[in-house]
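All remarks here apply to the structure that follows.
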Amino acid sequence: MADEKSCGAIVFTYVNGVRKYVIIRGTGNYKEYYGFPKGHVESGETEVETALREVKEETGLDVTLIEGFRTVDEHFLAREGRPNDRKTNVHFLAEYQGQELVAQESEVSEIVLMDYDEAMECIKYEESRRELTEAENYLNARETTGEK
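Quick note: the sequence shown uses this note's numbering, first residue 4, plus one each step.
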(Lines of atoms letter the chains of each structure in order from A; the text may use other names.)
(Lines give C-alpha, C1' and ligand atoms only; values in the text may rest on other atoms or scores of the structure.)
Protein backbone atom coordinates (compact mmCIF):
# COMPACT_ATOMS: atom_id res chain seq x y z
CA MET A 4 0.00 0.00 0.00
CA ALA A 5 1.26 3.46 -0.90
CA ASP A 6 0.31 6.67 0.87
CA GLU A 7 -0.04 9.99 -0.95
CA LYS A 8 -0.56 13.37 0.66
CA SER A 9 -1.73 16.59 -0.96
CA CYS A 10 -2.36 19.99 0.58
CA GLY A 11 -4.23 22.99 -0.70
CA ALA A 12 -6.82 25.56 0.22
CA ILE A 13 -10.44 26.43 -0.15
CA VAL A 14 -9.94 29.97 -1.43
CA PHE A 15 -12.53 32.73 -1.35
CA THR A 16 -12.99 36.43 -1.98
CA TYR A 17 -15.89 38.87 -1.89
CA VAL A 18 -17.42 40.25 -5.08
CA ASN A 19 -19.96 43.04 -4.49
CA GLY A 20 -20.42 41.78 -0.93
CA VAL A 21 -21.03 38.17 -1.98
CA ARG A 22 -18.60 35.43 -0.93
CA LYS A 23 -17.20 33.61 -3.97
CA TYR A 24 -15.05 30.49 -3.93
CA VAL A 25 -12.20 29.77 -6.33
CA ILE A 26 -13.15 26.54 -8.12
CA ILE A 27 -10.71 24.95 -10.54
CA ARG A 28 -11.25 22.37 -13.26
CA GLY A 29 -8.46 19.94 -13.99
CA THR A 30 -6.94 18.86 -17.29
CA GLY A 31 -6.58 15.52 -19.07
CA ASN A 32 -8.15 12.68 -17.08
CA TYR A 33 -9.31 15.24 -14.49
CA LYS A 34 -11.12 17.57 -16.93
CA GLU A 35 -14.47 16.71 -15.33
CA TYR A 36 -13.09 17.36 -11.83
CA TYR A 37 -14.09 20.62 -10.18
CA GLY A 38 -12.48 21.33 -6.85
CA PHE A 39 -9.89 23.30 -4.96
CA PRO A 40 -6.24 24.04 -5.72
CA LYS A 41 -4.00 21.42 -4.14
CA GLY A 42 -0.96 19.28 -4.85
CA HIS A 43 1.57 16.83 -3.51
CA VAL A 44 3.76 17.69 -0.55
CA GLU A 45 7.37 18.08 -1.64
CA SER A 46 10.31 16.90 0.47
CA GLY A 47 10.91 19.17 3.46
CA GLU A 48 7.67 21.14 3.07
CA THR A 49 5.09 21.68 5.78
CA GLU A 50 1.41 21.33 5.02
CA VAL A 51 1.01 25.12 5.04
CA GLU A 52 3.99 25.65 2.73
CA THR A 53 2.57 23.12 0.29
CA ALA A 54 -0.88 24.69 0.37
CA LEU A 55 0.45 28.21 -0.27
CA ARG A 56 2.76 27.01 -3.07
CA GLU A 57 0.06 24.99 -4.79
CA VAL A 58 -2.50 27.81 -4.64
CA LYS A 59 0.08 30.19 -6.15
CA GLU A 60 1.09 27.71 -8.87
CA GLU A 61 -2.42 26.71 -9.89
CA THR A 62 -4.21 30.08 -9.59
CA GLY A 63 -1.53 32.79 -9.49
CA LEU A 64 -2.89 34.02 -6.15
CA ASP A 65 -1.07 35.11 -3.02
CA VAL A 66 -3.52 34.22 -0.29
CA THR A 67 -3.91 34.77 3.43
CA LEU A 68 -4.76 31.67 5.47
CA ILE A 69 -7.66 31.94 7.89
CA GLU A 70 -6.58 30.84 11.37
CA GLY A 71 -8.21 27.81 12.94
CA PHE A 72 -9.48 25.98 9.86
CA ARG A 73 -8.03 22.69 8.62
CA THR A 74 -10.00 19.85 7.10
CA VAL A 75 -8.78 16.38 6.13
CA ASP A 76 -10.11 13.81 3.69
CA GLU A 77 -8.65 10.32 3.57
CA HIS A 78 -9.77 7.80 1.01
CA PHE A 79 -8.52 4.90 -1.05
CA LEU A 80 -7.79 5.48 -4.73
CA ALA A 81 -10.11 2.76 -6.03
CA ARG A 82 -11.65 5.24 -8.50
CA GLU A 83 -8.18 5.57 -10.05
CA GLY A 84 -7.72 1.78 -10.19
CA ARG A 85 -5.49 1.70 -7.10
CA PRO A 86 -7.74 0.25 -4.38
CA ASN A 87 -4.89 -0.35 -1.92
CA ASP A 88 -3.37 3.14 -2.12
CA ARG A 89 -4.49 5.72 0.43
CA LYS A 90 -4.72 9.44 -0.36
CA THR A 91 -4.84 12.17 2.27
CA ASN A 92 -5.97 15.65 1.24
CA VAL A 93 -5.51 18.52 3.69
CA HIS A 94 -7.26 21.81 2.97
CA PHE A 95 -6.90 25.12 4.70
CA LEU A 96 -9.14 28.14 4.24
CA ALA A 97 -7.68 31.18 2.49
CA GLU A 98 -8.77 34.60 1.30
CA TYR A 99 -7.52 36.85 -1.47
CA GLN A 100 -8.38 40.34 -2.61
CA GLY A 101 -7.81 42.34 -5.80
CA GLN A 102 -5.73 39.85 -7.77
CA GLU A 103 -6.14 38.32 -11.19
CA LEU A 104 -6.74 34.59 -11.45
CA VAL A 105 -4.14 32.92 -13.70
CA ALA A 106 -4.61 29.22 -14.47
CA GLN A 107 -1.55 26.96 -14.54
CA GLU A 108 -1.99 25.60 -18.07
CA SER A 109 -0.46 22.19 -17.37
CA GLU A 110 -2.85 21.42 -14.49
CA VAL A 111 -5.86 23.74 -14.66
CA SER A 112 -8.20 24.12 -17.63
CA GLU A 113 -10.49 26.68 -16.00
CA ILE A 114 -10.85 28.78 -12.86
CA VAL A 115 -14.30 29.99 -11.89
CA LEU A 116 -15.57 32.13 -9.01
CA MET A 117 -18.75 30.60 -7.61
CA ASP A 118 -20.96 31.23 -4.66
CA TYR A 119 -21.57 28.33 -2.29
CA ASP A 120 -24.69 26.99 -4.02
CA GLU A 121 -23.12 27.13 -7.49
CA ALA A 122 -20.00 25.35 -6.25
CA MET A 123 -22.05 22.63 -4.56
CA GLU A 124 -23.85 21.97 -7.85
CA CYS A 125 -20.69 21.43 -9.89
CA ILE A 126 -18.45 19.63 -7.36
CA LYS A 127 -19.16 15.92 -7.70
CA TYR A 128 -16.95 14.32 -5.04
CA GLU A 129 -18.74 14.02 -1.72
CA GLU A 130 -15.49 14.66 0.20
CA SER A 131 -15.01 18.01 -1.52
CA ARG A 132 -18.65 18.94 -0.96
CA ARG A 133 -18.24 18.19 2.77
CA GLU A 134 -15.09 20.31 2.95
CA LEU A 135 -16.78 23.23 1.19
CA THR A 136 -19.72 23.01 3.59
CA GLU A 137 -17.32 23.03 6.55
CA ALA A 138 -15.62 26.15 5.15
CA GLU A 139 -18.95 27.90 4.51
CA ASN A 140 -20.19 27.11 8.02
CA TYR A 141 -16.89 28.25 9.55
CA LEU A 142 -17.00 31.58 7.70
CA ASN A 143 -20.68 32.11 8.55
CA ALA A 144 -19.95 31.49 12.24
CA ARG A 145 -17.04 33.97 12.13
CA GLU A 146 -19.25 36.63 10.55
CA THR A 147 -21.94 36.03 13.16
CA THR A 148 -19.43 36.70 15.95
CA GLY A 149 -18.00 39.72 14.13
CA GLU A 150 -14.65 38.11 13.27
CA LYS A 151 -13.06 38.92 9.95
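Positions of the beta carbon are idealized from the N, C-alpha and C atoms, including for glycine. Computed from a predicted model, the values in this text were never measured in an experiment.
Next on the checklist: What does the Cβ neighbour count give for residue 119, buried or exposed, with the cut at 16 atoms within 10 Å?
Outcome noted: Classified as buried, residue 119 has 16 or more neighbouring CB atoms from the shown chains inside 10 Å of its CB.
Item to check | One or two residues paired with residue 92 in a DSSP bridge | outcome: The partner list for residue 92 (beta bridge, DSSP) reads 9 and 76.
Next on the checklist: For residue 214 and residue 146, what's the separation of their Cα atoms in angstroms?
Outcome noted: Summary: the structure shown does not reach residue 214, with the chain confined to residues 4 through 151, and so no result is reported for it.
Checklist entry - Is any heavy atom in the ligand NAP found nearer than 8 Å to the beta carbon of residue 18? => result No copy of the ligand NAP occurs in the structure displayed, which carries no ligand at all.
Item to check | Whole alpha helix (DSSP H) elements within the segment 115-144, 4-residue minimum | outcome: Here the runs fully enclosed are 119-125.
Checklist entry - For the alpha helix (DSSP H) that contains residue 21, what are its first and last residues? => result No alpha helix (DSSP H) holds residue 21; the beta strand (DSSP E) holding it covers 21-28.
Checklist entry - Whose C-beta lies closer than 6 Å to the C-beta of residue 60 among residues of the same chain, with five residues either side of it excluded? => result 107
Item to check | For residue 41: DSSP bridge partner residues | outcome: 11
Item to check | Pairwise C-alpha distance: residue 101 and residue 67 | outcome: 13 Å
Checklist entry - Using a Cβ-Cβ cut-off of 6 Å (strictly less than) and excluding sequence neighbours within five positions of residue 8, which residues of its own chain qualify? => result 44 and 91
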